[in-house]
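What follows is a single structure, written as structure tokens, with notes after it.
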Amino acid sequence: MAEAQLSLNLDIKHDASLSDFAGPGWMSIIDAVRQLHVGLIRQLYLFGSPATGKSHLLSAICESFIEMDKSAICLSLNELIHTDVDVLSSLENFDVIAIDDLEVIEHSSQWQEALFHLINRSREGQRQLLFAANTPAGELPFQLTDLLSRLSQAPTFKVPNGRDLADRQALLQSILRRRGWQFDERITDYLLKEGPHRIGAMMVVLNYIQPMFSNLGRSNISKAVISDALRTIDEQTLVAELADITQEAEVDKRAAEQDNQTIPLDF
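Note that this note's numbering has the sequence shown beginning at 947, numbered continuously upward.
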């Protein structure tokens, strides 16, 4: 069963590169990745709000190890939570194991225990582990405290929130260069200044507007096409902002519920 599950959706997304994270806000994280490359550290824990580039970075790190002739696998617990937990028992042969969306196993003691054992086995086999979640390890609402202890031992970094223009610009230039896409400067400038700040949302916008130009030469781009692209950026930015509001409301609700659970009652 576990071997079958590995064929589902665990391949590295090759449309990711460490060059995407050349902005100043990512320097300390990329330095830690270089330490992973030479074996100075064996674990890395990344956290930050949704759509800030954690998944993209995990894929890029795994791709960088593959280029070094290492075996690497990147998986999302969000995609695996409803499958056989034994899938985690088949990963120890990989040199690098990246595990995304840790927070989704909040209510599953079975998955928490399986992850705990994977960490222990990987340590014994001198494998390298990457983790990503929305919060620091110490704030994950896991019942298995030993797992929290293991996760907290990894060097931890908060990913940039995308508000730095230089970070977004470096990412955009790298992605466009790697994909061979060319947009009118009015579009890229507008995307950087008026588009969504979060990396994930910005990449969604790119995928929306690229088909508008796929069959056009640079000299054939009309004002109408540019106007359509700018309007699409505005629409998708609004969608991203509404998603942010919803996410923030959910976080506030969860925090309030946790506070209510810890308030002592006076009799």
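Note that beta-carbon positions come from the ideal geometry of N, C-alpha and C, so glycine has one too. A quick note: this is a predicted structure, and the numbers were derived from the prediction, not measured.
From the listed residues Gln-1182, Gln-1058, Asp-1046, the smallest Cα separation to Gly-1141 is found for Gln-1182. Around the CB of His-1143, 16 or more other CB atoms lie within 10 Å, so the residue is classed as buried. Under the 8 Å Cβ criterion, the stretch 990-1003 counts as touching the stretch 1097-1108, having at least three qualifying pairs. For Leu-1152, the enclosing alpha helix (DSSP H) has its first and last residue at 1145-1155.
Rounded to the nearest whole angstrom, the CA to CA distance from Asp-1092 to Phe-1159 is 52 Å. CA-to-CA, the gap between Leu-982 and Ser-1168 works out to about 47 Å.
Restricting attention to Ser-1005, Val-979, Ala-997, Gly-1108, the CA atom closest to the CA of Val-1150 is found in Ala-997. For Phe-1062, the enclosing alpha helix (DSSP H) stretches over residues 1055-1070. In the structure shown, Val-1185 adopts helical secondary structure according to DSSP, grouped into three states. Comparing C-alpha distances from Gly-999 to each of Ser-1036, Asp-1046, Glu-1013, Asp-1030 shows the shortest one belongs to Asp-1046. Ranked by how close their Cα comes to the Cα of Leu-1021, the residues Glu-1038, Phe-1103, Ala-1044 have Ala-1044 in first place. Counting only the Cα atoms, Ile-1191 lies some 32 Å from Asp-977.
Annotated as proximal: Leu-1003 and Ala-962, with beta-carbon spacing under 9 Å. By the C-beta density criterion, Gln-1089 is exposed, having fewer than 16 other C-beta atoms within 10 angstroms.
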